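Residue numbers (this note's numbering): 653 to 772.
Here a beta-carbon is modelled for each residue, glycine too, at the ideal position from N, C-alpha and C.
This one's a predicted model, so the numbers in the text were calculated from it and none came from an experiment.
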């Protein structure tokens with residue numbers, strides 16, 4: 653087995669597993685019942701799937717500029733996706749659109765008034 657064949661196998665495994673995780677994220681977006689659950693599906697498996705796809709592409713690319721670009725894409729995705737999901741989740745919670753029966757722990761309860769509106 654040559655190094656090139658091993659690199660092809662590793663890249664293929666990364667690409668296929670990344671595609672499966674991204675597919676699972678898409679299915680979760682369609683099947684989960686509320687926005688907070690959908691947000692989870694949109695961030696965690698999707699980001700890991702993208703990182704695996706980027707890793708598979710980086711294994712096959714031999715140009716340092718291309719690999720650096722892929723690393724930057726991965727870093728920006730890791731920075732922006734969780735922050736955006738957090739901000740959307742807080743906005744949904746403050747707007748009273750989150751389903752309280754699905755929350756195990758409600759850490760933001762003291763931020764709300766008795767009628768469900770946000771505290772000022």
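State yes or no: is the C-beta of residue i nearer than 6 Å to some heavy atom of the ligand SAH?
i, result
"residue 748", "Summarising the ligand content, the structure contains no ligands, and the ligand SAH is consequently not present."
Would residue i pass as an interface residue toward chain B - the criterion being a Cβ-Cβ separation below 7 Å?
i, result
"residue 731", "Going by chain labels, chain B is absent from the structure shown, which holds only one protein chain."
Can you tell which of the options has its C-alpha closest to the C-alpha of residue i?
i, options, result
"residue 692", "678, 758 and 704", "678"
"residue 656", "712, 758, 730 and 705", "712"
"residue 706", "658, 744 and 728", "728"
"residue 699", "689, 750, 673 and 752", "673"
"residue 660", "740, 686, 681 and 708", "708"
"residue 646", "752, 718, 663 and 737", "Given a span of 653 to 772 for the chain in the structure shown, any question on residue 646 remains unanswerable."
"residue 752", "685, 663 and 662", "685"
Could you check the C-alpha separation between residue i and residue j for me, to the nearest Å?
i, j, result
"residue 774", "residue 720", "Since the first residue shown for the chain is 653 and the last is 772, residue 774 is missing from the structure and cannot be characterised."
"residue 665", "residue 761", "44 Å"
"residue 730", "residue 756", "26 Å"
"residue 668", "residue 724", "22 Å"
"residue 735", "residue 654", "42 Å"
"residue 741", "residue 683", "18 Å"
"residue 681", "residue 675", "10 Å"
"residue 739", "residue 697", "18 Å"
What are the boundary residues of the alpha helix (DSSP H) that residue i is part of?
i, result
"residue 657", "655-683"
Would you check if the distance between the CB atom of residue i and the CB atom of residue j is smaller than 7 Å?
i, j, result
"residue 726", "residue 704", "no"
"residue 695", "residue 747", "no"
"residue 710", "residue 722", "yes"
"residue 658", "residue 750", "no"
Exercise for review: Run through the region 701-751 for me and flag every whole alpha helix (DSSP H) of 4 or more residues, listed as ranges in chain order.
Suggested key: 716-746
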